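When you number the sequence shown by my numbering, it's gap-free, plus one each residue, and the end is 383. Ideal Cβ placement from N, Cα and C applies to all residues, glycine included. Predicted model, so just to flag it, every value in this text is computed and none were measured.
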Amino acid sequence: MELALPENHADNEPDPAYLARMAERREVLREELKQIIPPQTRIVWEVGAGHGHFLTAYAEKHRDQLCVGIDIILERVRRALKKRDRAGLAHLHFVRAEASLFLEVLPPTVTFAAIYVLFPDPWPKKRHHKYRLLQDSYLKNIATRSPAGTPLYFRTDYDPYFEEVQTLLREHPDWRLADSAVWPFEYATVFQQKAPSFQSLIALRK
Ligand SMILES: C[S@@+](CC[C@H](N)C(=O)[O-])C[C@H]1O[C@@H](n2cnc3c(N)ncnc32)[C@H](O)[C@@H]1O
């Protein structure tokens with residue numbers, strides 16, 4: 178899946194129309210998040226929730242936790258919301274948002290209870306590695322919203338991405354690998370069902 182990347186002028190100045198669209202999107206998202214997430218809440222967060230299979234199943238079994246799934250593709254969020262509505266889960270939300278923008282506008286007192294990243298886009302071409310979600314800067318960014326002990330659950334069927342993230346986390350100042358921790362909730366996502374094999378890791382906020 179190709180993400181929409183910033184359009185630039187030939188002289189590399191940001192396109193004013195692009196900047197205006199981003200500013201508007203930021204404000205709309207900020208308002209949406211204020212409506213669905215009370216301040217001082219710890220949320221279970223899934224990044225790249227796709228059609229919402231995992232988080233809907235999770236929310237059905239964890240009715241005391243506010244669960245928020247995001248995805249950048251509107252159609253996927255719509256399908257996820259239909260599942261949520263069919264299941265009647267008022268403590269589950271799906272929001273169309275890009276992962277970095279979401280963090281930028283999330284109300285400052287909201288923190289994470291757990292973070293799930295399941296089968297993120299692998300961006301296999303070397304020149305696209307910079308678009309991978311889990312890299313050092315993003316791990317630092319999500320750490321600022323993660324109290325000590327917060328778990329980060331990562332699963333992928335793409336071995337090079339798994340190894341890259343594992344190496345990053347092994348040496349990371351904010352996270353430590355929890356090798357003996359047990360995956361707490363199993364529900365096969367669309368991509369998991371298609372994957373011939375996959376690997377998982379759990380990291381905890383230091
Ligand atoms: C390979 S799919 C996996 C979907 C789901 N987790 C599963 O396992 O079935 C990756 C999902 O992440 C979403 N995604 C990719 N980059 C994203 C970003 N920066 N912010 C939010 N969602 C993103 C994609 O739109 C896609 O739905």
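For residue i, the three-state DSSP class (helix, strand or coil)
i, result
"residue 270", "strand"
"residue 191", "strand"
"residue 328", "strand"
"residue 262", "helix"
"residue 217", "coil"
"residue 204", "helix"
"residue 385", "Because the chain is modelled from 178 through 383, residue 385 falls outside the range shown and cannot be assessed."
"residue 358", "coil"
Ligand 1 heavy atom lying under 8 Å from the CB of residue i
i, result
"residue 253", "yes"
"residue 236", "no"
"residue 301", "no"
"residue 297", "yes"
"residue 196", "no"
"residue 369", "yes"
"residue 201", "no"
"residue 248", "yes"
"residue 323", "no"
Best match in the options for proximity to residue i [C-alpha to C-alpha]
i, options, result
"residue 141", "224, 242 and 231", "It is not possible to answer for residue 141, since the shown part of the chain is limited to 178 through 383."
"residue 364", "216, 309, 283 and 293", "293"
"residue 378", "346, 205 and 303", "346"
"residue 301", "263, 325, 324 and 340", "340"
"residue 200", "282, 240 and 226", "282"
"residue 315", "190, 359, 275 and 221", "275"
"residue 308", "267, 323, 338 and 322", "338"
"residue 344", "313, 329 and 318", "313"
"residue 350", "369, 320 and 375", "320"
Span of the alpha helix (DSSP H), counted from its first residue to its last, around residue i
i, result
"residue 370", "367-371"
"residue 343", "336-347"
"residue 231", "230-238"
Where the beta strand (DSSP E) through residue i begins and ends
i, result
"residue 245", "243-248"
For residue i: DSSP bridge partner residues
i, result
"residue 353", "381"
"residue 295", "332"
"residue 222", "245 and 292"
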